[in-house]
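Taking my numbering as reference, the numbering of the sequence shown is continuous, increasing by one, and the terminal residue is 273.
All residues carry an ideal CB built from backbone N, CA and C; glycine is no exception.
Predicted, not measured: the structure shown is a model, and the values here were computed from it.
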Amino acid sequence: MLQTVNTALDRVLNGVQVGSLWMARAGGVLILMTVVLVTTEVFSRQLMGRSAVHATELTGYVMAISTSWAFAYTLLRKAHIRIDALYLNFPMRIRGGLDLLALLAMALFCVLVVGAAFEVAKDSFMGGARANTPLGTPVWIPQFLWVMGLAWFSLAVGLMTLRVLLGLLAGDVEGVQRLAGSPTLDEQISDENHEATS
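Here it is as structure tokens:
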């Protein structure tokens with residue numbers, strides 16, 4: 076029974092990973108667009124003595140949006156910074172328990188952050204708040220795009236937490252380690268070599 080549920084969760088997580096990859100790529104495109112905006116602003120200040128674009132405001136929005144859009148991909152690729160000096164010396168079952176504890180803490184963080192961020196965006200929308208800038212951007216637009224990334228991250232954290240919990244209950248500690256465990260140096264080198272050849 077648990078194995079069937081875990082297999083289904085693995086398929087769902089594969090879909091979430093694909094969606095997360097595309098969100099991270101979209102965030103990267105947004106950052107590249109800010110490079111064009113900042114370059115245009117620098118040249119327009121040099122040539123015309125004034126700014127032709129409002130890069131400062133727009134790049135602030137883009138940084139918040141693109142960062143939140145990359146969180147889920149970073150989680151699923153196990154690329155978040157970890158302090159694992161002791162972790163790697165523990166037996167695999169204890170590491171699985173620590174991975175579950177870390178994911179539960181991250182899930183709690185997501186609940187608090189997404190709830191607060193959604194309230195901010197909702198209040199901005201309901202109040203018709205605009206940026207106090209020449210653009211006068213309705214701030215709910217970048218805020219909801221930011222919340223969208225945080226919500227997607229929360230979905231990824233929730234699914235991963237459930238998969239790790241069920242994996243531990245099913246005794247699949249190796250599967251849990253593959254999914255959520257901190258990779259050893261040898262595993263990182265192997266992954267890098269595999270990505271370089273594919």
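Continuous alpha helix (DSSP H) stretch holding residue i: start and end
{"i": "M181", "result": "167-202"}
{"i": "V80", "result": "77-123"}
{"i": "V128", "result": "Looking at the DSSP string, V128 is not in any alpha helix (DSSP H), and its letter there is neither H nor E."}
{"i": "G250", "result": "248-255"}
Check whether residue i and residue j have beta carbons under 7 angstroms apart
{"i": "A182", "j": "T236", "result": "yes"}
{"i": "V128", "j": "E116", "result": "yes"}
{"i": "G256", "j": "D159", "result": "no"}
{"i": "A196", "j": "F219", "result": "yes"}
{"i": "V91", "j": "A180", "result": "no"}
{"i": "T82", "j": "T109", "result": "no"}
{"i": "V248", "j": "G172", "result": "no"}
{"i": "S95", "j": "L151", "result": "yes"}
{"i": "S77", "j": "L241", "result": "The sequence shown places Leu at residue 77, rather than the Ser named in the question. Against a cut-off of 7 angstroms, the Cβ pair of L241 and L77 comes out as a contact."}
{"i": "T123", "j": "Q252", "result": "Here the sequence assigns Met to residue 123, which means Thr is not the residue at that position. No, the pair does not count as a contact, with Cβ atoms beyond the cut-off."}
{"i": "A226", "j": "V188", "result": "no"}
Local Cβ density within 10 Å of residue i, reported as buried at 16 or more and exposed below that
{"i": "S199", "result": "buried"}
{"i": "V87", "result": "exposed"}
{"i": "W97", "result": "exposed"}
{"i": "L244", "result": "exposed"}
{"i": "V214", "result": "buried"}
{"i": "R238", "result": "buried"}
{"i": "L254", "result": "buried"}
{"i": "P209", "result": "exposed"}
{"i": "G202", "result": "exposed"}
{"i": "S265", "result": "exposed"}
{"i": "G250", "result": "buried"}
Nearest candidate by alpha-carbon position, reference residue i, set the options
{"i": "V137", "options": "T208, L112, R125, I156", "result": "L112"}
{"i": "G102", "options": "L163, G90, A139", "result": "A139"}
{"i": "G224", "options": "T149, G171, R238", "result": "T149"}
{"i": "H155", "options": "T131, G171, L178", "result": "L178"}
{"i": "S141", "options": "V222, G250, Q252, V251", "result": "V222"}
{"i": "F146", "options": "T114, A130, M167, C185", "result": "C185"}
{"i": "E34", "options": "F118, G211, G233", "result": "Given a span of 76 to 273 for the chain in the structure shown, any question on residue 34 remains unanswerable."}
{"i": "F193", "options": "T79, I216, N207", "result": "I216"}
{"i": "S143", "options": "D85, P258, I169, A99", "result": "A99"}
Q.
Please give the ranges of any alpha helix (DSSP H) in the region 210-241, keeping only runs that are unbroken, at least 4 residues long and fully inside the region.
A. Listed in chain order, nothing qualifies, since the region 210-241 has no complete alpha helix (DSSP H) run of 4 or more residues.
(Q) Quick check on the DSSP output: what are the complete alpha helix (DSSP H) runs of length 4 or more inside the region 132-166, in order along the chain? (A) Residue ranges of uninterrupted alpha helix (DSSP H) with 4 or more members are absent from the region 132-166; none lies entirely inside it.
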